[in-house]
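In the working numbering, the protein residues as written are 8 to 472.
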């Protein structure tokens with residue numbers, strides 16, 4: 008008799024796990040029945056692409072969909088759309104499911120349960136937050152609603168169109184770009200000292216200055232008080248401790264938290280960040296036959312050794328594949344992350360990996376830093392653009408602890424070299440000797456990464472003697 012696997016959440020982690028489990032089980036002669044539950048209208052799409060669809064760089068939401076429900080079903084997955092898991096009974100091995108289309112509620116038994124419920128956006132607990140014209144950007148449905156608001160604004164015949172973006176993280180800067188591309192006047196509000204708090208403030212200041220140079224009004228150190236509305240109940244302004252800002256449209260980019268309500272209510276152990284805690288094979292600790300992957304699970308930071316919550320599609324897909332391999336009868340592990348991420352706002356590229364100075368202070372690393380300014384190509388080659396590289400280095404050993412890059416075209420993907428170095432616990436002396444590619448259209452003869460590593464190595468030598 009087939010073992011039943013129930014997957015809650017049919018996006019990156021859940022469907023990667025389901026597909027891989029069936030593939031591996033088929034090779035090993037194992038009989039699995041996989042049922043996947045998805046409460047929304049969409050499955051297997053790139054949430055990271057939503058700002059670029061809203062901004063007009065991507066033509067259609069269809070371009071963001073990796074696999075349709077029909078394709079998943081053709082691959083042997085019993086995918087049930089608009090079906091929401093309401094509760095878990097781990098003793099009875101059952102999920103209570105509500106069919107939002109038919110209105111029925113039923114119990115679904117399982118032998119194995121995969122919790123891939125993703126993350127939920129944080130919404131400010133202030134007055135007026137539910138007014139028309141205030142949007143999150145977590146799902147394709149959110150993107151469609153935001154585009155509808157833009158169409159509504161375009162239909163108006165009077166006055167400039169003003170957008171306020173609340174939050175200065177990845178979603179915030181990406182949505183600021185999207186609103187600029189749509190021709191709106193944009194204000195960004197963040198309570199952090201600088202936008203992109205995943206960078207050190209000195210690197211975040213570069214982002215701040217560049218955004219203002221693009222016409223975006225960036226307000227830092229600002230606390231949200233509430234939202235103002237007009238007579239029709241539509242947002243008209245954002246109230247802060249630094250005054251009010253007129254708004255025809257508001258986009259919330261205030262971060263996400265693991266969506267683990269079901270797991271918590273079922274008595275499963277949650278970690279420091281509210282995510283599920285798993286072993287290297289993605290099995291939930293202290294729960295037989297329960298697995299988890301993606302934005303609802305925590306990961307190990309390979310630099311600090313601490314558990315972290317990093318909500319990225321790259322990790323979700325990898326974790327899902329590892330989970331599915333093990334569930335299907337194979338063997339794989341997900342060792343952890345180093346915190347690599349890239350983004351952009353208009354022509355500015357932003358990248359980071361590893362620890363910031365504040366992270367090093369929190370875990371007790373003695374460290375030093377270097378910052379170098381260079382160009383993305385040979386200085387004499389057309390199109391050479393500025394790039395700034397910052398390295399955070401363990402003081403005694405010279406081991407790389409983190410890196411940040413801000414610059415123009417050709418800057419961001421250089422972070423991958425630093426991510427590999429972090430993964431392999433390399434010292435800056437070793438990094439300075441790396442055989443990186445060179446040609447004038449791509450790099451100065453000394454790549455900015457190598458320059459930064461060399462200068463850091465010199466500092467380490469000066470400190471240690």
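Note that beta-carbon positions come from the ideal geometry of N, C-alpha and C, so glycine has one too.
Please work out which residues of its chain come closer than 6 Å, Cβ to Cβ, to residue i, disregarding the five sequence neighbours upstream and downstream, and give them in chain order.
{"i": "residue 337", "result": "31"}
{"i": "residue 63", "result": "188"}
{"i": "residue 299", "result": "122, 283, 285, 291"}
{"i": "residue 94", "result": "103"}
Excluding sequence positions up to five away, which residues of its chain have a Cβ less than 8 Å from the Cβ of residue i?
{"i": "residue 239", "result": "139"}
{"i": "residue 443", "result": "424, 450, 454, 456, 457"}
{"i": "residue 273", "result": "94, 95, 96, 97"}
{"i": "residue 370", "result": "311, 312, 313, 362"}
{"i": "residue 452", "result": "385, 445"}
Just to confirm before moving on: does the CB-CB distance between residue i and residue j stay below 7 Å?
{"i": "residue 282", "j": "residue 305", "result": "yes"}
{"i": "residue 261", "j": "residue 127", "result": "no"}
{"i": "residue 157", "j": "residue 173", "result": "no"}
{"i": "residue 258", "j": "residue 247", "result": "no"}
{"i": "residue 419", "j": "residue 356", "result": "yes"}
{"i": "residue 435", "j": "residue 469", "result": "no"}
{"i": "residue 395", "j": "residue 413", "result": "yes"}
{"i": "residue 211", "j": "residue 202", "result": "yes"}
{"i": "residue 234", "j": "residue 390", "result": "no"}
{"i": "residue 379", "j": "residue 459", "result": "yes"}
{"i": "residue 5", "j": "residue 71", "result": "For residue 5 there is no data in the structure shown, the boundaries of the chain being 8 and 472."}
{"i": "residue 218", "j": "residue 352", "result": "yes"}
{"i": "residue 168", "j": "residue 255", "result": "yes"}
{"i": "residue 96", "j": "residue 42", "result": "no"}
{"i": "residue 263", "j": "residue 408", "result": "no"}
{"i": "residue 385", "j": "residue 416", "result": "no"}
{"i": "residue 92", "j": "residue 269", "result": "yes"}
{"i": "residue 19", "j": "residue 320", "result": "yes"}
{"i": "residue 224", "j": "residue 194", "result": "yes"}
{"i": "residue 175", "j": "residue 199", "result": "yes"}
{"i": "residue 29", "j": "residue 83", "result": "yes"}
{"i": "residue 252", "j": "residue 242", "result": "no"}
Determine the extent of the alpha helix (DSSP H) in which residue i is found, giving its start and end residues.
{"i": "residue 331", "result": "320-334"}
{"i": "residue 478", "result": "Here the chain covers residues 8 to 472 and nothing more, so residue 478 does not appear."}
{"i": "residue 461", "result": "455-471"}
{"i": "residue 340", "result": "No alpha helix (DSSP H) holds residue 340; DSSP gives it neither H nor E."}
{"i": "residue 52", "result": "Counting along the chain, residue 52 falls outside any alpha helix (DSSP H), and DSSP gives it neither H nor E."}
{"i": "residue 233", "result": "Residue 233 -> not in any alpha helix (DSSP H); beta strand (DSSP E) instead, spanning 231-236."}
{"i": "residue 151", "result": "147-162"}
{"i": "residue 177", "result": "177-188"}
{"i": "residue 133", "result": "First-last for residue 133: undefined, no H or E at that position."}
{"i": "residue 216", "result": "208-220"}
{"i": "residue 126", "result": "That residue, residue 126, is in no alpha helix (DSSP H); its beta strand (DSSP E) goes 126-128."}
{"i": "residue 356", "result": "Taken as a continuous stretch (DSSP letters only), residue 356 belongs to no alpha helix (DSSP H), being part of the beta strand (DSSP E) at 355-361."}
{"i": "residue 80", "result": "76-81"}
{"i": "residue 435", "result": "435-439"}
Counting along the chain, where does the beta strand (DSSP E) carrying residue i start and finish?
{"i": "residue 351", "result": "348-352"}
{"i": "residue 30", "result": "Per DSSP, residue 30 belongs to no beta strand (DSSP E); it is in the alpha helix (DSSP H), 19-34."}
{"i": "residue 90", "result": "90-96"}
{"i": "residue 40", "result": "39-45"}
{"i": "residue 398", "result": "393-401"}
{"i": "residue 365", "result": "Segment 364-370 is the alpha helix (DSSP H) holding residue 365; no beta strand (DSSP E) there."}
{"i": "residue 270", "result": "From DSSP, residue 270 is part of no beta strand (DSSP E) but of the alpha helix (DSSP H) over 268-272."}
{"i": "residue 58", "result": "No beta strand (DSSP E) holds residue 58; the alpha helix (DSSP H) holding it covers 57-61."}
{"i": "residue 258", "result": "256-259"}
{"i": "residue 424", "result": "Residue 424 -> not in any beta strand (DSSP E); alpha helix (DSSP H) instead, spanning 422-430."}
{"i": "residue 65", "result": "Note, residue 65: premise wrong, no beta strand (DSSP E); not H, not E."}
{"i": "residue 265", "result": "263-265"}
{"i": "residue 298", "result": "297-299"}
{"i": "residue 168", "result": "Looking at the DSSP string, residue 168 is not in any beta strand (DSSP E), and its letter there is neither H nor E."}
For residue i, which residues in the same chain have their Cβ closer than 7 Å to its Cβ, ignoring the five residues on either side in sequence?
{"i": "residue 325", "result": "341"}
{"i": "residue 388", "result": "447, 448"}
{"i": "residue 80", "result": "86"}
{"i": "residue 213", "result": "395, 413"}
{"i": "residue 367", "result": "374, 399, 408"}
Can you tell me the Cβ-Cβ gap for residue i and residue j, rounded? I've got them flagged as a contact below 8 Å.
{"i": "residue 124", "j": "residue 222", "result": "With a Cβ gap of about 39 Å, residue 124 and residue 222 do not count as contacting."}
{"i": "residue 116", "j": "residue 11", "result": "7 Å"}
{"i": "residue 344", "j": "residue 315", "result": "7 Å"}
{"i": "residue 144", "j": "residue 154", "result": "In fact, because the Cβ distance is near 11 Å, the residues do not count as touching under 8 Å."}
{"i": "residue 402", "j": "residue 365", "result": "16 Å between Cβ atoms; not a contact."}
{"i": "residue 346", "j": "residue 308", "result": "6 Å"}
{"i": "residue 101", "j": "residue 114", "result": "5 Å"}
{"i": "residue 47", "j": "residue 148", "result": "6 Å"}
{"i": "residue 432", "j": "residue 406", "result": "6 Å"}
Three CB pairs or more closer than 8 Å across the region 199-213 and the region 286-305
no
Please confirm if the region 290-308 is in contact with the region 111-124, defined as three or more CB-CB distances below 8 Å between the two stretches.
yes
Evaluate contact between the region 331-348 and the region 22-42, counting only Cβ atoms and requiring at least three cross-stretch pairs below 8 Å.
yes
With a threshold of 8 Å, are at least 3 pairs of Cβ atoms found where one atom belongs to the region 354-374 and the other to the region 53-61?
no
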